[in-house]
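full-length UniProt numbering applies: residue 1 is where the sequence shown begins, and numbers increase by one.
A virtual CB, placed ideally from N, CA and C, is assigned to each residue, including glycine.
Because the structure is a prediction, the values reported are computed rather than measured.
Scroll down for the structure; my scribbles are underneath it.
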Amino acid sequence: MALVAGPEVLGFRVPTESGKALLVWGLEEGPEHSLFSAFSEFGLLYSVRVHRNAAVAGPGYYALVKFYSARDASRAQRACNRQRLFQKSPLKVCICTRQKAFKQQVLALRSYKCKELANYYLGFNGWSNRIITLQNISGFDVENEELGRLPERQCLKYLCVVEVTLPHHGICTRGLGVAEAYVENGRDSLEFVMKTGNVQKLAVEKALSGAFQKILLIVLENGKVAVEYNFAQEEPIDTLTDEELRGLIQVNDLSLEQVNLEDEEFLSDFSFDEEHLLEGRQSN
């Protein structure tokens, strides 16, 4: 596969596009840390997952290595295919492409992954974030209150708005996150305090991830990075003042976003470069 030509647009999303994942087979062991060290030399990695070969394929392991950048994945494939790297026998590396043509679900990166991506392309001093508001919007079961009974469970719910600023690019974005958890009534206060802290932390993480969704990284062939605001992700909170945001007391008809989990990759999701597969078979 040829190197990706021209600027490459990267969002703060789980990379699912074709050409960003590599299949590595011929592994004698399952050294995930060795794979990560070897392939991270070519660019930032989203994930490295090692699997044991199926029984019919004989002993050994294979791995799926996923990059954020298709250009980085292509360079890694060219440099690492048929190389020993960290073991005695050569590895076989090919670029994966999506086998199925249907639209892939778009998943936002978790907040810690957003930080990794921002630090890699923008630098540690290239961005900053602040919490504009973190509010308790918890409530009891209205029906039970009207009947004079306490509910069996208390809902803890927090709303957070976070602002991300890229000073060198003149871009400022905001994200909103809502998180909730339930606490059984009658339990000790320590559990209540711990769950409150966890819910607050999750609301902040969701809000930070949401703010990063509005940022697009434009990676040029020479390695330089430009940034654009993603207007498709614009929300009403982007036009409110800090005072107006802090005045949010009640949130009605607000759908709670689920925590975005990292997707598992399966071989059935991909097809592979037939030329490299044939080379691998002939060398066995």
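Item                                                                                                                                                                                                       : Value
Quick one: complete alpha helix (DSSP H) runs, 4+ long, within the stretch 5 to 63?                                                                                                                        : 32 to 39
Let's test the definition: count the other Cβ atoms within 10 Å of the Cβ of R130 and tell me whether it reaches 16, buried, or not, exposed.                                                              : exposed
So, for E184: in the same chain, excluding its five sequence neighbours on each side, which residues have a beta-carbon less than 6 Å away from its beta-carbon?                                           : R153
On the three-state DSSP scale, how would you describe S138?                                                                                                                                                : coil
Does the beta-carbon of V24 have 16 or more other beta-carbons within 10 angstroms, so that it is buried, or is it exposed?                                                                                : buried
If you count every other CB in all the chains shown that lies within 10 Å of the CB of Y158, and 16 or more means buried, which is it?                                                                     : buried
Using 8 Å as the cut-off, can you tell me whether the stretch 27 to 38 makes contact with the stretch 8 to 19, which would need three or more C-beta pairs spanning the two stretches below that distance? : no
Measure the beta-carbon distance from F12 to Y46 and round it to whole angstroms, keeping in mind my assumption that it falls under 8 Å.                                                                   : That belief does not hold up - the Cβ atoms of F12 and Y46 are roughly 11 Å apart, past 8 Å.
Closest to E228 by CA distance: which of P236, F212, N222 and I237 is it?                                                                                                                                  : F212
Classify D72: buried if its beta carbon has 16 or more other beta carbons within 10 angstroms, exposed otherwise.                                                                                          : buried
Out of L208, H168 and R75, point me to the one whose CA is closest to S111's CA.                                                                                                                           : L208
To which residues of the same chain is V93 closer than 6 Å at the C-beta, ignoring the five residues directly before and after it?                                                                         : L22, V24, Q77, C80 and N81
Over the uninterrupted alpha helix (DSSP H) stretch that includes Y112, give me the two end residues.                                                                                                      : S111 to L122
State the start and end residues of the unbroken alpha helix (DSSP H) segment that holds T196.                                                                                                             : S189 to F212
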